[in-house]
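Chains B and R, in that order, are what the protein sequence lines are. Whatever position you read off the first sequence (first residue = 1), add 1 for the working numbering. Whatever position you read off the second sequence (first residue = 1), add 444 for the working numbering. Glycine included, each C-beta is placed from N, C-alpha and C at the ideal position. Bear in mind the structure is a predicted one, so any value in this text is a computation, not a measurement.
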Amino acid sequence: MINLLRSEILRFRSRSLVAAVLVGGSLLIVVGLVIACLLETKPTALDESYARPDLSMCPQDLHPVVPPKGYTSYALDWGYGDFFDGGYYYGGHSEGYHYGCYDEFRSLTIVPSGLLALVYLPLALLGSSVIFVLVGIYFGASLVGADWHHRSMTTLLTWESRRGRVYVARMGTLILGTFLVVLGLEVFGGFGLATAAAFKGTLVGADGLWLRTTIDVAIKVAALSAVTAAITASVAMIFRSTGAALGLLIAYFGYEQLLQAISPTTNFWLLGRSALTFLSPVSTFDAMGLDFSSAVAALSMYTAAFLIVGFLVFDRRDVS
Amino acid sequence: MGFAIEAEQVRKRYLDIHGKWNTALDGMDLQVPEGGVFGLLGPNGAGKTTAIRAMVGLVRIGGGSLSVLGQPVPKGLSKVLPRIGAIVEAPAFFPRFTVRRNMEILTKMSGVGRTGIDAALERVGIADRANSSAKDLSLGMRQRLAIACTLIKDPDLLIFDEPANGLDPEGIVQVRELIRSLGAEGRTVLVSSHILSEIKQTADQVAILSRGRTSASGPVGSFFAEEERPGLVVRISDAVRALSILEAAGIDAVRTDGDGDGLRVSCPPAEAERVTRTLADAGVYVREIRPDGSDLESAYLRLTSDAPAEEEPA
């Protein structure tokens, strides 16, 4: 089994797709940050002073917080218990008044709008989660589909006939590989943003709580990418085709959007909705009938079901 | 002598997209002795590739029994697979990886060290292409790469499905010599082909597969010797009379096509002049006469036709 895993890891890291994602992603991050540095101006002392965490603005009795006009309120913690009228959850920017309150943490950071600020990293990671999930989907579809397309699965099975082992090694490598690739890009982006913010922006608010939140988001995004890679790979194993796996996943998300449009309250156990809930602040979606735990349960159930069906089909069907 | 592969009444059916069952193996019996080169001969669609797929566990048989290197397939296959090198149909690799990387991936799978890679590439004559992408190789080169991949296991049993496919004449000769040398080393090499001459020149033993069944099998020497007697094909207007004239002259001949105008005369092509003179002296004139080089092909066609084999050479 160790040999199989070593072989699969060698194959995974040899893939031009993986290299393209790593190199291309890194280049995009660098280019984006260079452009941001060119466009941004170093914040003034006044900006900095406004940007300091202002604990006095975060009363424990959940009083509203009003950021100065023209400034963005940014709460590092998403475990809000409530929002007031006009309230805004994470990363909201102002048109004047933003009311935020939080009952657990008191680390509201007020950052001038548009400032190149490291505190925005969790939001940047969340915003790019769609891209990372697409990377996972493509990794999963192509890693398995290519084997069937090029018939290299036939060659592999003449070296290891125990399909259960082949399947576990393949999926394990895919899940771990996708997780690490996405996490690597996130870390690279984080360091890139930190460097850019140090030169042309501000690091204010990037405290321990922020770091914890950032790590939490980064791991969640990487995990979600890995999960979607596993689901797509299972579909590719069932249909023995990259195109079929990509097509079905895209068709499913289209169907889910349609379902949501027709029946907005239908959220429970939907794959896309569960993924959003998994990434998002819990309370945001409480009203929709989903919470973090049920989202994790739904994602786990879907992943396990697809992996099992994928294995059964792989194990039982002839390889022609 | 033991058998490297034993198949008894092996059956395999496929369900096509129209819901119709197609029989690929219809009670195939096969015994491949250990050591030497064994040819599995049959026309396209005879079931050769399905048989090979079954031997390496790619397809599950629907009936009968099959064992490879003493282990039942598929249950015990994993125990002996490290001793088996197989190419099934066209060689398949990861096209964007280099030759060496493809081999490394396979060697890691079974824990075989990378040390054998260069030697295997050298042996099949593509050592200079080790760093080329697999997709840049010609079909013949890929065939050699596939053989090289099987060799790094240092296997006891090699299974090659149509190994001469896509090779140029020089490549065919090289692969043939390689297969012969592997057999001479004491390994068992099973080679499938639909090309009669290829099997004849490569194999020690042969089995002919037709419509999923073994229609004949035996040592290549005795198998083909019977069919390779020299002769002449003669076309003549009065075949009945010609037959009696030739018989009277002590020349063996038989009619080849029932009531038609063909005769097969059992004598070397060099004696064509004697045959034509004998017939002409009797007032029977030959329309066509040619050496009968197709007997082997005829035998092959006869053995692979719908009719069951009339006899099985010893």
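- A straight line joining the alpha-carbon of Leu601 (chain R) with that of Arg527 (chain R) spans about 6 Å.
- Trp465 (chain R) sits exposed, since fewer than 16 C-beta atoms from the chains shown fall within 10 Å of its C-beta.
- Positions of the beta strand (DSSP E) runs, each at least 3 residues long and wholly inside the region 673-721 of chain R, are given as 676-680, 697-699 and 706-709 in order along the chain.
- Contact of Gly501 (chain R) with chain B by beta-carbon distance below 8 Å involves Leu158 and Ser162.
- By the neighbour-count definition (other C-beta atoms within 10 Å, threshold 16), Met2 (chain B) is an exposed residue.
- Scanning chain B for C-beta atoms nearer than 8 Å to the C-beta of Gly555 (chain R) yields Asn4, reported in chain order.
- The beta-carbon of Ala234 (chain B) is placed no less than 9 Å from the nearest beta-carbon of chain R.
- Under the three-state reduction of DSSP, Thr467 (chain R) is assigned to strand.
- Runs of alpha helix (DSSP H) with 4 or more residues, each lying fully within the region 504-532 of chain R, are found at 521-524, listed in chain order.
- For Gly489 (chain R) and Arg655 (chain R), the gap between their C-alpha atoms comes out near 7 Å.
- At a beta-carbon threshold of 7 Å, none of the residues of chain B lie near Leu583 (chain R); the nearest stands roughly 14 Å away.
- Within its own chain, the residues whose Cβ lies closer than 6 Å to the Cβ of Leu272 (chain B), once the five positions on either side in sequence are excluded, are Tyr303, listed in chain order.
- Close CB contacts of Glu257 (chain B) within its chain, under the 8 Å cut and outside five residues either way in sequence, are with Leu271, Leu272, Gly273 and Arg274 (chain order).
- The region 116-135 of chain B and the region 210-218 of chain B touch, with no fewer than 3 CB-CB distances between them shorter than 8 Å.
- By the Cβ-count criterion, Glu566 (chain R) is exposed, with fewer than 16 other Cβ atoms from all chains shown falling within 10 Å of its own Cβ.
- In this structure, Leu521 (chain R) keeps its C-beta atom at 9 Å or more from the C-beta atom of Ile449 (chain R).
- Exclusion of the five residues before and after Val650 (chain R) leaves Gly483, Leu485, Ile643, Val664 and Phe667 as the residues of its chain whose Cβ lies within less than 6 Å of its Cβ.
- Chain B places a beta carbon closer than 9 Å to that of Ser522 (chain R), counting this residue as a contact.
- Nearest to Val120 (chain B) by C-alpha distance, out of B:Val22, B:Leu277, B:Gly244 and B:Ala197, is B:Ala197.
- In this structure, the CA atom of Ile10 (chain B) is about 14 Å from the CA atom of Leu157 (chain B).
- Interface with chain B (9 Å Cβ-Cβ cutoff): Lys552 (chain R) is included.
- Secondary structure of Leu653 (chain R) (DSSP, three-state): strand.
- Distances from the alpha-carbon of Ser577 (chain R) to those of R:Glu614, R:Cys711, R:Leu707 and R:Arg544 put R:Arg544 closest.
- In the DSSP assignment, the residues bridged to Tyr458 (chain R) are R:Asn466.
- Annotation: Pro477 (chain R) to Thr594 (chain R) spans about 20 Å, alpha carbon to alpha carbon.
- A direct Cα-Cα distance of roughly 25 Å separates Gly190 (chain B) from Ser143 (chain B).
- DSSP places Ile733 (chain R) in no alpha helix (DSSP H) but in the uninterrupted beta strand (DSSP E) bounded by Val730 to Pro735.
- Counting C-beta pairs closer than 8 Å gives three or more between the region 173-181 of chain B and the region 135-149 of chain B, which meets the contact rule.
- By the criterion of a C-beta distance shorter than 8 Å, Val728 (chain R) is surrounded in its chain by Ile680, Ser681, Asp682, Arg685, Ala686 and Ile689, once the five residues flanking it on both sides are discounted.
- Remark: C-beta atoms of Leu474 (chain R) and Lys456 (chain R) do not approach each other more closely than 9 Å.
- Using a Cβ-Cβ cut-off of 8 Å, Leu525 (chain R) is close to Thr159, Trp160, Glu161 and Ser162 of chain B, given in chain order.
- Taking 7 Å as the upper bound on Cβ-Cβ separation, chain R lies near residues Leu11, Arg12, Ser15 and Ser17 of the region 9-35 of chain B.
- Taking the Cβ atoms as the reference, Leu6 (chain B) lies roughly 28 Å from Gly244 (chain B), outside the contact range of under 8 Å.
- CA-to-CA, the gap between Thr720 (chain R) and Val517 (chain R) works out to about 59 Å.
- Annotated as proximal: Tyr168 (chain B) and Phe312 (chain B), with beta-carbon spacing under 9 Å.
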